[in-house]
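In my numbering, the protein residues as written are 459 to 674. The C-beta atom is built at its ideal place from N, Cα and C for all residues, glycine as well.
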């Protein structure tokens, strides 16, 4: 590797470790649950299996190629590596954040989607689908999640958590925070009545507005 490649991989490993620690601090995971990855060219920096996130460092982050073969690091990558690799291969992701957040898991027991409770659903392309349950780390889970990600940048995994894709690690992480908030909003409203929902047309308008949102 050149020095530039080494620097890029170190930056990616550091960012993955930083966001893994944030997962715990923001209560999106507990213990070693969930995982984070970011793509760097034809390589992926990803959290290791069974390593405590609250103390994770760049040295704990594994680098694999797009076939899943370890390239850098001595630890085993997350058991959800097949899911991450499929997100890169089929959905054009630049980063993937997988949480075990409580509101999303609770919603997955009650619904087949995250309904249009707020225009923020537009950041994912509309209502977010709930992928059918499959054992963690399995090819079946990866396939179910990939199907739920069709035309969307996020999915909820039944009895499990969420997966959010992004153009950067920050974007994927922010999306995971937004998705958990949307699930929580629906749960709170549904606990006391029947939530009113936005129409698909209203959310489609928000999708278009988001295209020009922020500084340009």
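For residue 665, the uninterrupted alpha helix (DSSP H) run begins and ends at 658 to 669, by DSSP. Secondary-structure assignment with DSSP links residue 493 through a beta bridge to 556. In the three-state reduction of the DSSP assignment, residue 532 falls in the coil class. Partner residues in the beta bridge of residue 523, as assigned by DSSP, are 501. The residue from 603, 659, 632, 514 with its alpha-carbon nearest to that of residue 588 is 603. Beta-bridge partners assigned by DSSP to residue 543: none are found.
DSSP lists 557, 614 as the bridge partner or partners of residue 620. Counting C-beta pairs with one atom in each stretch, the region 544 to 562 and the region 575 to 585 have fewer than three that are closer than 8 Å, which means they do not touch. In the DSSP assignment, residue 571 is bridged to 587. Going by DSSP, residue 636 is part of the alpha helix (DSSP H) stretching over 627 to 648. By the CB criterion at 8 Å, residue 503 and residue 474 fall inside the cutoff. Contact between residue 519 and residue 471 is confirmed by a C-beta separation of about 4 Å, below the 8 Å threshold.
Residue range 597 to 606 is occupied by the alpha helix (DSSP H) that includes residue 603. Sequence-distant Cβ neighbours of residue 565 in its own chain, meaning closer than 8 Å and more than five residues away, are 572, 588, 614, 641, 644, 645.
By DSSP's assignment, residue 510 forms no beta bridge with any residue.
Here the alpha carbons of residue 486 and residue 635 stand approximately 8 Å from one another. Secondary structure of residue 652 (DSSP, three-state): coil. Residue 525 is positioned such that its CB atom lies no closer than 8 Å to that of residue 637.
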